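Visitor: Residues in the sequence shown are numbered from 58 upward in steps of one, following my numbering. Structure below; questions to follow.
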Amino acid sequence: MPVAEVVTRFRVRYAETDAMGIVHHSQHAIWFEAGRADFFRAAGISYAECEARGVLLPVSELYVRFSHSAFYDEEVAVHTRLTEIRSRGLTFQYEVRNAADVLLATGHTRHICVNKNREVQTIPIWLRQILSGGGHIP
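Shown next as structure tokens:
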């Protein structure tokens, strides 16, 4: 069965905030990455394993829309979903919510599949099957 959504929870660290105690906008890209890593693990493979097999998925597009600020020591949850698998790319959608379930930010990342020589390649069938819930690591 495919992984529908993965939720990554943590508390905002002091280093992630600006002088006003508000999370700096750059942190959301890092939080999205943490959500993706957890999504891969929940699907049955680590991103490190993908890289070891010669499959890299660099970000080709990043979008974030901010709704409310997040603050130091606030508990936040990044909700991550894989919304598209194409022949050479993937799209993940994100929602960041606080403990009161207030929507703080939404966004997406698009990824292109490349090999270790950074040449664009088709997503291997084994990875496609794992991420769509229909396979295991061969």
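From the three backbone atoms N, C-alpha and C, an ideal C-beta is built for every residue, glycine too. None of the values given here were measured: they were computed from a predicted structure.
Quick one: give me the first and last residue of the alpha helix (DSSP H) that phenylalanine 97 is part of.
Guide: Here the question's residue 97 lines up with position 40 in the sequence shown. Element bounds for phenylalanine 97: 84-100.
Visitor: In angstroms with no decimal places, state the Cα-to-Cα distance between histidine 125 and isoleucine 187.
Guide: Sequence index remark: in the sequence shown, residue 125 carries index 68 (1-based). Sequence index remark: in the sequence shown, residue 187 carries index 130 (1-based). Roughly 35 Å separates the two Cα atoms.
Visitor: In terms of alpha-carbon separation, which member of His168, His85 and Gly101 lies closest to glutamate 152?
Guide: One-based indexing of the sequence shown puts residue 152 at position 95. For glutamate 152, the nearest C-alpha among the options comes from His85.
Visitor: What's the gap between the Cα of leucine 55 and the Cα of alanine 105?
Guide: Outside the displayed range of the chain (58 to 195) lies residue 55, so it cannot be described from this structure.
Visitor: Per the DSSP calculation, arginine 167 is bridged to which residue(s)?
Guide: Working through the sequence shown from its first residue, we reach residue 167 at position 110. Bridge partners of arginine 167: Glu118 and Thr148.
Visitor: Just reading off the alpha helix (DSSP H) that arginine 185 is part of, what are its end residues?
Guide: Counting from 1 along the sequence shown, the entry for residue 185 is found at position 128. It spans 182-188 - the alpha helix (DSSP H) in which arginine 185 sits, taken as one unbroken run.
Visitor: Going by Cα to Cα distance, which pick from Tyr129, Arg175 and Pro181 is closest to leucine 147?
Guide: Here residue 147 refers to the residue found at position 90 of the sequence shown. Nearest of Tyr129, Arg175 and Pro181 to leucine 147, Cα basis: Pro181.
Visitor: Just how far apart, CA to CA, sit threonine 163 and valine 60?
Guide: Position 106 of the sequence shown, counted from the start, is the residue given in the question as residue 163. Position 3 of the sequence shown, counted from the start, is the residue given in the question as residue 60. Threonine 163 and valine 60: Cα-Cα distance of roughly 19 Å.
Visitor: Considering only their Cβ atoms, is the gap separating valine 63 from glycine 101 smaller than 8 Å?
Guide: As a position in the sequence shown, residue 101 is number 44, starting the count at 1. As a position in the sequence shown, residue 63 is number 6, starting the count at 1. No, the pair does not count as a contact, with Cβ atoms beyond the cut-off.
Visitor: Of all the options Asn172, Met77 and His168, which has the alpha carbon lying nearest to the alpha carbon of isoleucine 142?
Guide: Here residue 142 corresponds to residue number 85 of the sequence shown, with the count starting at 1. It is His168 whose Cα lies nearest to the Cα of isoleucine 142.
Visitor: Does DSSP put alanine 61 in a helix, a strand or coil?
Guide: The residue you call residue 61 lines up with position 4 of the sequence shown. Correct three-state label for alanine 61: coil.
Visitor: What residues are listed by DSSP as bridge partners for asparagine 155?
Guide: Numbered from 1 along the sequence shown, position 98 holds the residue referred to as residue 155. Beta-bridge pairing links asparagine 155 to Val133.
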